[in-house]
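Top to bottom, those sequences are chains A and B. By our numbering, the letter at position 216 of the first sequence is numbered 216, and the numbering carries on one by one without gaps. Take the position in the second sequence, starting the count at 1, then add 1000; the result is the number in our numbering.
2 protein chains.
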Amino acid sequence: MSEGIDGPADTPHGREHDADDERRFLAGYDPHAFAPVAVTVDVVALTIRDTVPHVLLGRRGQQPQNGRWALPGGFVRAQDGPNGPADPDLPDAALRVLTEKTPLPAELHLEQLGTYGAIDRDPRMRVVSVAYMVLAPDLPDPRTGRDTAEAAWVPWTALGHGDGARERYELAFDHARVLGDAIERARSKLEYTSLATAFLPSTFTVSALRGVYEAVWGRTLHAANFHRKIQATPGFVEDTGALAERGGAGGGRRARLYRAGGAALLHPPLLRGAP
Amino acid sequence: MSEGIDGPADTPHGREHDADDERRFLAGYDPHAFAPVAVTVDVVALTIRDTVPHVLLGRRGQQPQNGRWALPGGFVRAQDGPNGPADPDLPDAALRVLTEKTPLPAELHLEQLGTYGAIDRDPRMRVVSVAYMVLAPDLPDPRTGRDTAEAAWVPWTALGHGDGARERYELAFDHARVLGDAIERARSKLEYTSLATAFLPSTFTVSALRGVYEAVWGRTLHAANFHRKIQATPGFVEDTGALAERGGAGGGRRARLYRAGGAALLHPPLLRGAP
DNA sequence: CGAGAAAAACTCATAATGAGAACAACTTGG
DNA sequence: CCAAGTTGTTCTCATTATGAGTTTTTCTCG
């Protein structure tokens, strides 16, 4: 950024980068001279419970938007203060607010989704919110946070995504849009990355992996072709040598157990085509 | 976001969303009570000049990082002030700072890249920067902005990407990382979207389109197979019926002219495979 | 033990891709 | 004007990937 366009201070132009000059400049700098902007993080935590995709939501227990459901989130701590130490980076803030709702699993995928900053998205002041997406294996029921009346893993179908009951959960601010963006991101990332394994425990069967795809894409896949594709994609999964405890409920061969391989990108991708 | 975790005010918890209660809450709200955070936008503007990818940079003419090269950028205007009206949304801010350097072309692709907020990325204060990527056809040489000593379209090869001379342009702040992220994003987006046309004027030849891929990916493509692929992908390009003015410099058949089709996503994608 | 169920392996037709050859249409130099 | 060189476009063919279905293996349950 060419910071300084709206900056309160100005110093003589030097042609080269001069450390002493910069030190003098910083000593006279007042960070409070700007129009206030709040920076928050919101976390879209996705998991799959019993073949159905869920998102972690909390019901707001204070103003504004008191009573509505919202993504876990909070202000980024710019510097050390009464509430705790500063967040060294934005992902730290995302994990911090998530921890208030649920214990973190051993492995989880955290990725930045996007940043939302429309002037009217929060009635209090100008709020710029950095959204993160977390993909995690099935987790216990969430705990209620300090400012939250309830918290729950909510199935997508209860939110107007999918074909279930609509509008049972009314979302605060622009969180419906953020959630929609996250769902679309997750759907498309399954195509060309090995991210589906982030929804599963450390070892899993091919059927469980296929179940992730079917849950997130909302369609069934040809089991045999899926199996072939997974095997043929180098680095997607690694054989552990072990077998699953038992076959399905009503019998069936015991499936082989795999763990996630190292590959991040699938070449070629696994497309959710028309058929 | 569950805004309010660090908020300065608190009101009695109502179970349902109450508009009157919310109005009272907002009347007593002081936006200056937070630790100050600055929000900026940075723009990675990419274009292709004479078969070589370029990025728009300005040389800083003030502290901090005086004398270094930086992406066009500036503070987001949270509210109307002496410098001008507020930015209604973040993309407006991105286009505003870009306009200070170059006239905007008729069509351009603007997309959010990511947001960078490490605690030490700016020495003045906590700065959270929202980066945007712009893909544009070849543009005239930039104009020098208010706080900028020089501005120029700089080839990637001069920045340590590619195999050219390294480190001739030293970048300010974490802009090398932002630029690297943009380049990787552009490279991968060419695979599965029809975004390559954003680098070209409104009508173009298949060779020109192939030239975009070759420039961005830094490798040659099989001309005949590329041609077949483009034709076979519905909605990628539309035939205008016209022919290009003349063949190449040393002769050659006149190429057919196309315009960008409507398709955004390529199914199946166009992969930059090993061969 | 036999029926049913799930996992895994196999078959076959079709589509997409990489590589190269061939043909078409233009420019330039002699 | 013709020959050589250049670029755009079409075609062929071998290889690979995919969709769909069948078969085999190995398990549970009654």
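Backbone N, C-alpha and C define an ideal beta-carbon position, used for all residues, glycine too. Source: prediction; values computed, not measured.
I'd like to know if the region 98-107 of chain A and the region 144-157 of chain A are in contact, where contact means that at least 3 CB-CB pairs between them fall below 8 Å.
The region 144-157 of chain A and the region 98-107 of chain A touch, with three or more beta-carbon pairs separated by less than 8 Å.
Could you tell me whether the region 166-183 of chain A touches the region 77-93 of chain A, where touching means 3 or more Cβ pairs closer than 8 Å?
Touching, no, given that fewer than three Cβ pairs across the two stretches are closer than 8 Å.
Between which residues of its own chain and T1203(B) is the CB-CB distance below 6 Å, once the five residues before and five after are set aside?
T1240, L1257, R1259, listed in sequence order.
So which residues of chain A does Q1112(B) contact, with C-beta pairs closer than 8 Å?
Under the 8 Å cutoff, chain A gives G114, T115.
With P119(A) as the anchor, note down where its beta strand (DSSP E) starts and where it stops.
The residue asked about is misnamed: residue 119(A) is Ile in this sequence, not Pro. I119(A) -> no beta strand (DSSP E), and no H or E assigned at all.
Residues of chain A with CB closer than 7 Å to the CB of H1109(B), please, in chain order.
In chain order: nothing, as chain A lies at least about 16 Å away.
Can you tell me whether DSSP reads E184(A) as helix, strand or coil?
Helix, per DSSP.
Given that L271(A) touches chain B, what residues does it touch there, using C-beta distances under 9 Å?
Within 9 Å Cβ-Cβ: H1267, P1268, P1269.
One question on the structure: do P137(A) and P53(A) come within less than 9 Å of each other, judged by their Cβ atoms?
No.
Taking all protein chains shown into account, do 16 or more other C-beta atoms lie within 10 angstroms of the C-beta of P1072(B), making it buried, or fewer, making it exposed?
Counting the other CB atoms within 10 Å of its CB gives P1072(B) a total of 16 or more, which places it among the buried residues.
Give a yes or no on contact between the region 1083-1092 of chain B and the region 1044-1052 of chain B, applying the rule of three or more CB pairs nearer than 8 Å.
Judged by Cβ distances under 8 Å, the region 1083-1092 of chain B makes no contact with the region 1044-1052 of chain B, as fewer than three pairs qualify.
Answer with buried or exposed for A952(B), where buried requires no fewer than 16 other C-beta atoms within 10 angstroms of its C-beta.
Residue 952(B) lies beyond the residue range present for chain B, which begins at 1001 and ends at 1275; the question has no answer from this structure.
Of all the CB atoms in chain B, is at least one closer than 9 Å to the CB of L221(A)?
By this cut-off, L221(A) is not an interface position.
How far does the beta strand (DSSP E) with L243(A) in it reach, from first residue to last?
For L243(A), the enclosing beta strand (DSSP E) begins and ends at 237-243.
In terms of residues, what are the limits of the beta strand (DSSP E) holding T42(A)?
The amino acid at residue 42(A) is misidentified as Thr; the sequence shows Asp. For D42(A), the enclosing beta strand (DSSP E) has its first and last residue at 38-49.
Does I1048(B) have its Cβ less than 9 Å from a Cβ in chain A?
Taking CB atoms only, I1048(B) has no neighbour in chain A less than 9 Å away.
Do V41(A) and V130(A) have their C-beta atoms closer together than 9 Å?
Between V41(A) and V130(A), the C-beta gap is smaller than 9 Å, which places the two residues in contact.
Beta-carbon contacts of A1223(B) that lie in its chain and below 8 Å, excluding the five residues immediately before and after
Residues S1207, R1210 of the same chain have their beta carbon placed closer than 8 Å to that of A1223(B), with the five preceding and five following residues left out of the count.
Does chain A have any CB closer than 9 Å to the CB of Y1258(B)?
No, its Cβ sits nowhere closer than 9 Å to a Cβ of chain A.
List the residues of chain A whose Cβ lies closer than 8 Å to the Cβ of A1264(B), in chain order.
When 8 Å is used as the limit between beta carbons, A1264(B) is near no residue of chain A, the shortest such separation being about 12 Å.
Enclosing beta strand (DSSP E) for H59(A) [first to last residue]
Position check: residue 59(A) holds Arg in this sequence, whereas His was assumed. Taken as a continuous stretch (DSSP letters only), the beta strand (DSSP E) holding R59(A) covers 52-60.
Among the residues of its own chain, which have a CB less than 7 Å from the CB of I1230(B), if the five just before and after it don't count?
Only residues of its own chain outside the window of five on either side were considered, and among them V1206, L1209, F1236, V1237 have a CB closer than 7 Å to the CB of I1230(B), listed in chain order.
Buried or exposed for L243(A), going by 16 or more other Cβ atoms inside 10 Å?
Classification for L243(A): exposed.
Taking just the CA atoms, how far does V1039(B) sit from R1126(B)?
Taking the straight line joining both Cα atoms gives about 9 Å.
Could you say which of G1117(B), Q1065(B), V1154(B) lies nearest to F75(A) if we only look at CA atoms?
With distances taken between Cα atoms, F75(A) lies closest to G1117(B).
Throw me the rounded Cβ distance for the Y1132(B) and L1113(B) pair, which I believe falls under 8 Å.
Sure, about 6 Å apart at Cβ, within 8 Å.
Going along chain A, which residues have a C-beta under 9 Å from E1022(B)?
Residues of chain A passing the Cβ test: Q63, P64, Q65, N66, P123.
Can you list, in chain order, the residues of its chain with a C-beta nearer than 8 Å to that of R1060(B)? Leave out the 5 residues immediately preceding and following it.
Answer for R1060(B): N1066, G1067, R1068, W1069, A1070, D1147, T1148, A1149, A1172, listed in chain order.
I'd like the ranges of any beta strand (DSSP E) spanning at least 3 consecutive residues and lying wholly in the region 1074-1116 of chain B.
The qualifying runs are 1109-1116.
Straight-line CA distance for V44(A) to W153(A)?
Looking at the backbone, the Cα of V44(A) and that of W153(A) are separated by about 11 Å.
Taking Cβ positions, are P140(A) and L110(A) nearer each other than 9 Å?
No, the Cβ-Cβ distance between P140(A) and L110(A) is not below 9 Å.
Considering only C-alpha positions, which residue in the set V178(A), I183(A), A264(A), A249(A) is nearest to P234(A)?
It is A264(A).
Using a beta-carbon distance below 9 Å, is G1261(B) in contact with chain A?
Not flagged as an interface residue toward chain A: G1261(B), since no C-beta distance is shorter than 9 Å.
Can you tell me where the beta strand (DSSP E) with E291(A) in it begins and where it stops?
An answer regarding residue 291(A) cannot be provided, because it is not within the stretch 1 to 275 covered by chain A.
Counting only the same chain and skipping the five closest in sequence on each side, list residues whose C-beta sits under 6 Å from that of G162(A).
Only weak support exists for where G162(A) lies, its pLDDT of 47 falling under 50; the value from the coordinates is given anyway. Same-chain partners within the cutoff: W156.
Secondary structure at G1211(B), three-state DSSP: helix, strand or coil?
Helix at G1211(B).
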